[in-house]
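Written below as structure tokens is the structure these notes are about.
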Amino acid sequence: MQRTVHEYLKALEAGDADKAASLFIPDGWVESPFLGRLPVRQFIKKVAESSKGTRLTVHDVLVSAEGHLRAVAYYLYDWRLKDGSRVAFDCADVFNFDPSTGRLQSIVLVYDTHPVRGVVESKYP
């Protein structure tokens with residue numbers, strides 16, 4: 445699970461929708477405070493369209509101690525938009541894995557949107 449989480453975060457940072465989608469079941473999705481629930485490929489493309497030079501710094505990847513097929517990635521998202529604006533914030537994304545395939549089923553993004561909204565709200569597609 446930890447390897448898959450790291451692979452996804454690298455794909456997100458690179459804006460590689462095909463790589464990200466390859467880690468998911470066919471109907472996998474990502475739920476974002478800004479964009480709502482989207483198919484993974486659509487989510488990555490939307491983020492990539494507005495971003496330039498974004499960096500993710502992973503602090504930790506935690507696997508469920510309760511026996512669930514779930515991991516949480518705790519990382520710093522240094523988000524740089526194409527217009528040059530920038531905001532950095534901590535995220536704790538919840539990665540849910542499909543029990544029959546071991547692939548990603550969904551990701552729920554968890555972060556405080558207050559400091560982010562002022563920088564990106566009017567610029568984000």
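Letter by letter, the sequence shown follows residues 445 to 569 in the working numbering. The C-beta atom is built at its ideal place from N, Cα and C for all residues, glycine as well.
Our contact map puts residue i next to residue j with C-beta atoms below 8 Å; I'd like the distance itself, whole angstroms only.
| i | j | result |
| --- | --- | --- |
| T501 | R524 | The pair is not a contact, with the Cβ atoms about 13 Å apart (cut-off 8 Å). |
| V491 | W473 | At roughly 14 Å, the Cβ-Cβ gap does not stay under 8 Å, so V491 and W473 are not in contact. |
Quick one: residues in its chain with C-beta nearer than 6 Å to the C-beta of residue i, no 5 flanking neighbours on either side, listed in chain order?
| i | result |
| --- | --- |
| V516 | L506, A536, V538 |
Which partner residues of residue i appear in the DSSP bridge assignment?
| i | result |
| --- | --- |
| D504 | Y518 |
| D471 | According to DSSP, D471 bridges with nothing at all. |
| A532 | D522 |
Note down the Cα distance separating residue i from residue j, rounded to an integer number of angstroms.
| i | j | result |
| --- | --- | --- |
| S508 | N540 | 10 Å |
| P477 | H558 | 11 Å |
| P543 | L513 | 7 Å |
| D462 | A455 | 8 Å |
Excluding five sequence neighbours on each side, which residues of the same chain lie with their C-beta closer than 7 Å to the C-beta of residue i?
| i | result |
| --- | --- |
| L453 | L500, V502, A517, Y519 |
| L467 | T448, E451, Y452, R547, L548 |
| V560 | V531, F533 |
By DSSP, does residue i sit in helix, in strand, or in coil?
| i | result |
| --- | --- |
| D462 | helix |
| L479 | coil |
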